[in-house]
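Peer 1: Got a structure for you, questions after.
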Amino acid sequence: MISLVAFDLDGTLAESKQPLKDTMGEALADLLAVAHVAVISGGDWPQFQKQVASRLPARADLSKLWLMPTTGTKLYTHKAADWQPVYAELFSDAERKNIRDAFEASLEATGFKPEKTWGERIEDRGSQITFSALGQQAPVAEKEHWDPDFAKRKVIQADLRIRLPELSINMGGATSIDITQKGVDKGYGLKKLRDASGIPLEQMMFIGDAIFPGGNDYPAKLLGLETVRVKDPDGTLAAIAGIVACLKESFANEQSASCHPLWGAEVNRPFSAQTAPPVEMMQIGLLILMEFQPNFSSQSDHYRSHGIFSRPDVFMNI
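Numbering (full-length UniProt numbering), first residue to last: 1 to 318.
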């Protein structure tokens, strides 16, 4: 049975650098009632506070929430009525300088010259250094249209991997490239989470929007976790709906279930991408939620108002 569901943040739980919407906060609170939840992303702790920690309803069981900034090189848990750091793995001053110099040289060599930027493009997050192509304060709309297929960043990433062969270089978010110590990626972070929580990897699931080669969510798949790639936070809401319903049903029946979010009304019978189109699978997940969680059914208007029932592209692949 799934004991922990781990999520990417930007593009999965929320729009880039934006706080969780109320519906997502409520959905995570529902999930925390039946499982542990982890959020692992390239952002630093202040960003996690703004986007996640401050956006959860009072009923959320924070004792089961694991927040992992900077690709899991930091871990925070909630104890004694506050968030406490468990560990932090930081770059040395010499390493920081070497990375910054490599970024500047790579941008010059690849000819990257954005027409306009908003704020600093290179951010030192202690255990991770992140390049944001349009700047840290770029509007969401500008970010979403700049490199939707990751093609621009792949050029910079390839050059950086030659200059910094001893480090891990991955793409994430809408415009970012993250640099960490070699071997430090979300797979590394999930193994650290296993050690800290005592929950085996076999009982974890990962949901993200960049589960593809070169994407910073892909290491979760390589680690062997069951993964679901979503297009946006609306797809994540539907996935959470199916997981919560399945876990509640399995608890009620005192039986074990894998609880893949795309399972139907018979929660122990899986749907495959070949037997049900994505839009149908999303409808099923939402209907299960409404059946088993009456307090959540009022949010169905939110889904309809955002066109969820007519969007076959929310789940990218399974």
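Glycine is no exception: its CB is placed at the ideal position from the N, C-alpha and C atoms.
Please classify D149 as buried or exposed, where buried requires at least 16 neighbouring CB atoms within 10 angstroms.
Peer 2: The residue in question, D149, is exposed, as its Cβ has fewer than 16 Cβ neighbours within 10 Å.
Peer 1: Which two residues bound the contiguous alpha helix (DSSP H) that contains T23?
Peer 2: 22-32
Peer 1: Helix, strand or coil, according to DSSP, for W118 in the structure here?
Peer 2: coil
Peer 1: Note down the Cα distance separating T227 from M205, rounded to an integer number of angstroms.
Peer 2: Distance between the alpha carbons of T227 and M205 is about 6 Å.
Peer 1: Just to confirm, is the Cβ distance from G208 to R229 under 8 Å?
Peer 2: yes
Peer 1: CA-CA distance, T110 and K186?
Peer 2: 27 Å
Peer 1: Among the residues of its own chain, which have a CB less than 7 Å from the CB of R59, if the five just before and after it don't count?
Peer 2: The beta carbon of R59 is closer than 7 Å to those of A29 in its chain, skipping five residues each way along the sequence.
Peer 1: Using 8 Å for Cβ pairs, my map puts D16 next to A174. What's the rounded Cβ distance?
Peer 2: In the sequence as displayed, the identity of residue 16 is Ser instead of Asp. Indeed, because the Cβ distance is near 5 Å, the residues count as touching under 8 Å.
Peer 1: Considering only the beta carbon of each residue, do E95 and S127 sit closer than 8 Å?
Peer 2: no
Peer 1: Span of the beta strand (DSSP E) holding Q47?
Peer 2: Careful: Q47 lies outside any beta strand (DSSP E), inside the alpha helix (DSSP H) at 45-51.
Peer 1: Kindly indicate the opening and closing residues of the alpha helix (DSSP H) around F7.
Peer 2: Where F7 is concerned, there is no enclosing alpha helix (DSSP H), although the beta strand (DSSP E) it sits in stretches over 4-7.
Peer 1: If distances are taken between C-alpha atoms only, which option among G25, F7, M68, P46 comes closest to K192?
Peer 2: M68
Peer 1: What residues in its chain sit with their C-beta under 6 Å from that of T130, if we drop five residues either side in the sequence?
Peer 2: G42, E123, S176, D178.
Peer 1: Confirm, please, whether the CB-CB distance from S3 to A35 is below 8 Å.
Peer 2: yes
Peer 1: With three or more beta-carbon pairs closer than 8 Å as the criterion, would you say the stretch 45-52 touches the stretch 19-29?
Peer 2: yes
Peer 1: Less than 8 Å between the C-beta atoms of T70 and R125, yes or no?
Peer 2: yes
Peer 1: From L32 to G172, what does the alpha carbon distance come to, in whole angstroms?
Peer 2: 26 Å
Peer 1: Since M1 contacts A14 with CB under 8 Å, what's their CB separation in whole angstroms?
Peer 2: 27 Å between Cβ atoms; not a contact.
Peer 1: Go ahead and pull the three-state DSSP assignment for T73.
Peer 2: coil
Peer 1: How would you write the range of the alpha helix (DSSP H) that D159 sits in, first residue to last?
Peer 2: 151-163
Peer 1: To which residues of the same chain is T275 closer than 8 Å at the C-beta, ignoring the five residues directly before and after it?
Peer 2: In this prediction, T275 has a pLDDT of 34, which is less than 50 and means its spatial position is unreliable; nothing more can be read from the coordinates.
Peer 1: Could you spell out where the beta strand (DSSP E) holding L237 opens and where it closes?
Peer 2: Premise fails: L237 lies in the alpha helix (DSSP H), 233-252, not in any beta strand (DSSP E).
Peer 1: Just curious, the alpha helix (DSSP H) that E95 is in, first and last residue?
Peer 2: 93-110
Peer 1: Can S168 and V184 be called in contact, C-beta distance under 8 Å?
Peer 2: It is a contact, given that the beta carbons lie within the stated cut-off.
Peer 1: Who are the near neighbours of G11 in its chain, counting only those whose CB is closer than 6 Å to its CB and skipping five residues on each side?
Peer 2: D209
Peer 1: Would you report the Cα separation of Q84 and Y76, rounded to the nearest angstrom?
Peer 2: Taking the Cα positions, Q84 is about 5 Å away from Y76.
Peer 1: When the distance is taken between beta carbons, is I156 closer than 8 Å to S106?
Peer 2: Contact flag set, yes.
Peer 1: Tell me which same chain residues have a C-beta within less than 8 Å of the C-beta of L160, skipping the five on either side of it?
Peer 2: Only A102, F103, S106, I169, I177, I179 meet the Cβ criterion.
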